[in-house]
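Let me begin by presenting the structure, written as structure tokens, before commenting on it.
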Amino acid sequence: MTGLLKIFFKILVRLNNALLPSYSKKDPFKLSPFQKLILGYRYWALTRFLS
Numbered sequence: 001m002t003g004l005l006k007i008f009f010k011i012l013v014r015l016n017n018a019l020l021p022s023y024s025k026k027d028p029f030k031l032s033p034f035q036k037l038i039l040g041y042r043y044w045a046l047t048r049f050l051s
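Numbering (UniProt numbering), first residue to last: 1 to 51.
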């Protein structure tokens, strides 16, 4: 991954941590569809940052 994309995803992950709620301690089967969408988006951004 290029350096510019790495920086972009690093900033994106930090914004997600600051602005979006965390659902890591909740049962994923009991989350609403919108909460699952947020959880999936946060996971997607984090995996792109780490790769």
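Think of the CB as a built atom: it goes at the ideal place given N, C-alpha and C, for glycine as much as any other residue. From a predicted model like this one, the values you see are computed outputs, not experimental measurements.
{"Asked": "Leu-46 in three-state terms, based on DSSP", "Found": "helix"}
{"Asked": "Tyr-23 and Leu-15 closer than 8 Å at C-beta", "Found": "no"}
{"Asked": "Where the alpha helix (DSSP H) through Leu-9 begins and ends", "Found": "Here the sequence assigns Phe to residue 9, which means Leu is not the residue at that position. Its alpha helix (DSSP H) spans residues 3-19."}
{"Asked": "Three-state class that DSSP yields for Lys-30 in the structure shown", "Found": "helix"}
{"Asked": "Contact belief for Leu-20 with Ile-38 at Cβ below 8 Å, rounded distance in angstroms", "Found": "6 Å"}
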